[in-house]
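Numbering-wise (my numbering), the sequence shown opens with residue -10 and increments by one. Notes to accompany the following structure.
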Amino acid sequence: CNDHVLLDVEDVVEACGGYWHPEHFRCAATGVQLEEEYITKDGMPYSVDGYFEKFGEKCTKCGLVMKEQVVNVLGQKWHPECFVCTSSGNPIPKNDEGMYVYFAHDLMPYCEEEYARLFGETCARCDQPITSGGVEALGMHWHEDCLTCQSCTRPLNELAKGKPIYQGPKDGMPYCLRCYGRKFGDACAACKFPINPGEVPVEALGKVFHKQHFCC
């Protein structure tokens, strides 16, 4: 009120670097009379709720003011209980170091499984999302365990790292060298075994031969 305060006569409140009549010591934001806990800002008193309502940051998810713990990620802030997968609503997990493990899309957090399901690659064999790892071969993506020969089921993931994998001309699926030759290759007229990819056959007499089998 800017009126004089008689320190020796009146009840006064000493706070925020000045003196106040008790009835005038009110929250600068809400006007509620302050009797106990308050927060000072720019020389003015605020109730805890009034301070956070006026100056506090609001949670990205629920829009309510954050008063205590805050999760600060993706340039935004969240209540810990509001920091959940945008798709499933499940809490974002933490690793052994206590750090949140999440994947971001459009500045929103997703758990690994939902991110893979919505935005990740799908395995060409099992049609399930690839959540981690994975192998690219024949222009498609595979779980490492799913990249096997279509015929003999031999694992081919090591071949994808440097050696050729053969693609079936009709089904588009991967084959090892031997199975591809047996299924799609021409048979040598002499030994009756297939001529595998990469081998240069001899064509003669209307037939094909392995080089070593084209003899008198």
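Just so you know, even glycine gets a beta-carbon here, dropped at the ideal spot from N, CA and C. Computed from a prediction, not measured in an experiment: that's the story for all the values here.
Query, Result
"At what residues does the alpha helix (DSSP H) containing Gly170 begin and finish?", "Leu166 to Phe173"
"Suppose the cutoff is 6 Å on Cβ atoms and the five residues either side in sequence are ignored; what does the same chain contact list for Gln22 look like?", "Arg15"
"I need the DSSP call for Tyr91, collapsed to helix, strand or coil.", "coil"
"How about Lys43 and Ala4: do their beta carbons lie closer than 8 Å?", "no"
"Using the Cα positions of Pro118 and Glu147, report the straight-line distance between them to the nearest angstrom.", "21 Å"
"Straight-line CA distance for Val90 to Pro98?", "9 Å"
"Does the stretch 47 to 58 come into contact with the stretch 80 to 87, if we say contact requires no fewer than three beta-carbon pairs (one atom in each stretch) closer than 8 Å?", "no"
"Suppose the cutoff is 7 Å on Cβ atoms and the five residues either side in sequence are ignored; what does the same chain contact list for Gly154 look like?", "Gly is not the amino acid found at residue 154; the sequence shown has Ile there. Excluding residues within five positions, the ones whose Cβ falls inside 7 Å are Ala126, Leu127, Leu145, Leu148 and Pro163."
"Starting from Gly39, trace the alpha helix (DSSP H) both ways and give me its first and last residue.", "Val37 to Phe44"
"Taking the C-alpha atoms as reference points, what is the distance between Trp131 and Arg167?", "21 Å"
"Put Phe221 into one of helix, strand or coil per three-state DSSP.", "This structure leaves residue 221 out entirely; the chain is present only between -10 and 205."
"Using 10 angstroms around the beta-carbon of Ala105, count the other beta-carbons present and answer buried if the total reaches 16, otherwise exposed.", "buried"
"Does Thr111 get closer than 8 Å to chain D when you measure Cβ to Cβ?", "Protein chain content of the structure displayed is limited to a single chain, and chain D is not contained in it."
"DSSP state of Pro11, grouped into three classes?", "helix"
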